[in-house]
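Protein chains: 2
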Amino acid sequence: MALQDAILTALAHDESSGYDLAKAFDVSVANYWTASPQQLYRELDKLEDAGLVTARTVAQTKRPDKRVFRLTAAGRKALRAHTLRSPKPMAVRDELLVQVAALESGDPEAIREHVVERMEAFEAKLAVYHLVQERTLAGRSEADYLVAEPRVGQYLTLLRGISFEEENIRWAQQVLAVLDARAAAAAE
Amino acid sequence: MALQDAILTALAHDESSGYDLAKAFDVSVANYWTASPQQLYRELDKLEDAGLVTARTVAQTKRPDKRVFRLTAAGRKALRAHTLRSPKPMAVRDELLVQVAALESGDPEAIREHVVERMEAFEAKLAVYHLVQERTLAGRSEADYLVAEPRVGQYLTLLRGISFEEENIRWAQQVLAVLDARAAAAAE
DNA sequence: AGCACCTAGTCACATTGTTGAGTAGGTTGA
DNA sequence: TCAACCTACTCAACAATGTGACTAGGTGCT
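Taken in sequence, the protein lines are chains A and B.
Throughout the first sequence, residue numbering follows this note's numbering, covering 8 to 195 in sequence.
Throughout the second sequence, residue numbering follows this note's numbering, covering 8 to 195 in sequence.
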């Protein structure tokens, strides 16, 4: 259900193909909902069957044809109805945290390496978010944008994504510092 | 798979019943993995079939009997093997963020109310985490604990949970401030 | 010439998550 | 004393989400 709503939200302002949607999910929606391309194609078909989106095939030269989706009036209504329902509690799934929780039962060196790798991913993601932020603000101040810009919802979720990645990086650094301090203490 | 590893981790130091596990998942594991009691019972049965945990029925007076689970040697090995595998990227699912992203297409007043409710949940969770933190440290300083305490993994994930909830609260306050400023600007 | 990567998908299967009902006694508070 | 909630589960069915393999032409690099 909620994946459908996330898709409808992504289509609220612009039409797009499944492939474009997959890229958008990768960069900006991943903050609050994750979905693989396969999931998106499947849900788009369902949304089309339900009459919430319409598809139009666009022929391309030198590229495969694509199907471009856009909201219908019913889709717009469904999106509004979704915001009236009480949201379910957040769900998180992070195998890295599972591994860190199992630090004493696992292989500390492997876990350390996983933290390092993840930290690089956090930093890459933060850099992307900062780029999106710059492009979104386009020279305006954040304070102005937050009060005056009609399409502020996406920007608010972007802010959450930025602070989330910043905290992830800080946390990863702390974990590495703790692991190193413990390794040093054990070596004595 | 990873739900199984999260369960094995929770059982790494102490045996516990499915019911106890459900409470533990509610308060501390929810940081990095969520699961309903039903899922836990199902996975515990599978883990038992796979020989990774053993169950022992404990008769209680004035209470229903309970089944207490503990890791087997194979379970301990599986947990260690899990930490050697590269963790999958984090997955988040939050319907509230989906609603905020759809702010312009949805009902702003309903969304505001959902943010208020969620903020209360964030604060309650943070209070629980602080309690767990106090009980865990038991008077020791955090710096000492992080270097000297053998079982530091859980504490590191707790720290991530605390900063996560703090950021959630800050973000929710910002969203409410923005919504109010925009409502005031629109009323003029 | 050959490889890797990009666009733009489809199909089948596996795992995870949700809902609702049932059982049965004990504790707490108005 | 009666309702509401807590402990401690089990069972079944279904819905949603996630993974892996596959197709197929085009582009860019060495």
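Yeah, the Cβ is synthetic: ideal placement off N, Cα and C, and Gly gets one too.
Which residues share a DSSP beta bridge with A/Phe-76?
-> Answer is A/Ser-23, A/Ala-62, bridged to A/Phe-76.
Nearest neighbour of A/Thr-41, chosen from A/Glu-55, A/Leu-54, A/Leu-10 [CA to CA] | A/Leu-10
Which residues, in order along the stretch 79-91 of chain A, keep a beta-carbon less than 8 Å from a beta-carbon of chain B?
-> Arg-83, Leu-86, Arg-87, His-89, Thr-90, Leu-91
Confirm, please, whether the CB-CB distance from A/Leu-18 to A/Arg-92 is below 8 Å.
-> no
Residues of the stretch 11-24 of chain B with Cβ closer than 7 Å to any Cβ of chain A, in chain order = Asp-12, Ala-13, Thr-16, Ala-19
Validate contact between the stretch 114-123 of chain A and the stretch 47-60 of chain A using beta carbons, cut 8 Å, 3 pairs | no
Using only alpha-carbon positions, find the residue among A/Val-182, A/Arg-167, A/Ala-192, A/Val-159 that is nearest to B/Arg-167.
-> A/Val-182
Distance, A/Leu-103 Cα to B/His-89 Cα = 10 Å
Give a yes or no on whether the minimum CB-CB distance between B/Thr-41 and chain A is below 8 Å.
-> yes
Can you list the residues of chain B that A/Asp-187 reaches, using a CB-CB cut of under 8 Å?
-> Going along chain B, no residue has its Cβ under 8 Å from A/Asp-187, so there is no contact; the nearest lies around 10 Å.
Where DSSP assigns a beta bridge to A/Arg-100, which residues make up the other side?
-> B/Trp-40, B/Ala-98
For the stretch 135-143 of chain A and the stretch 155-165 of chain A, state whether three or more C-beta atom pairs, one from each stretch, are separated by less than 8 Å.
-> yes
Report all residues from its chain with a CB closer than 6 Å to the CB of B/Leu-133; omit the five preceding and five following residues, and keep chain order.
-> Within the same chain, and ignoring the five residues on either side of B/Leu-133 in sequence, the residues whose Cβ sits closer than 6 Å to its Cβ are Glu-172.
Any idea what DSSP makes of A/Ser-170, helix, strand or coil?
-> helix
With burial defined as no fewer than 16 other Cβ atoms inside 10 Å of the residue's Cβ, what is the status of B/Ala-66: buried or exposed?
-> It is exposed - the Cβ of B/Ala-66 has fewer than 16 other Cβ atoms within 10 Å.
Cutoff 8 Å: A/Thr-164 Cβ touching any chain B Cβ | yes
What is the residue span of the alpha helix (DSSP H) that A/Ala-128 lies within?
-> 115-144
Which chain B residues are close to A/Lys-95, counting only those with a beta carbon under 9 Å from its beta carbon?
-> In chain order: Arg-100, Asp-101, Glu-102, Leu-103.
Going by the beta-carbon positions, is the gap between B/Glu-174 and A/Glu-127 smaller than 8 Å?
-> No, Cβ-Cβ distance for B/Glu-174 and A/Glu-127 is not below 8 Å.
Applying a beta-carbon distance threshold of less than 8 Å, which residues of chain A neighbour B/Gln-161?
-> When 8 Å is used as the limit between beta carbons, B/Gln-161 is near these residues of chain A: Ala-108, in chain order.
Give a yes or no on whether the minimum CB-CB distance between B/Asp-27 and chain A is below 8 Å.
-> no
If you compare alpha carbons, which of A/Glu-149, A/Ala-98, A/Glu-130, A/Arg-147 is closest to A/Ile-176?
-> A/Glu-130
Would the beta-carbon of A/Glu-116 fall within 8 Å of that of B/Pro-157?
-> no
Residues of the stretch 121-153 of chain A whose Cβ lies closer than 8 Å to any Cβ of chain B, in chain order | His-121, Glu-124, Arg-125, Ala-128, Leu-153
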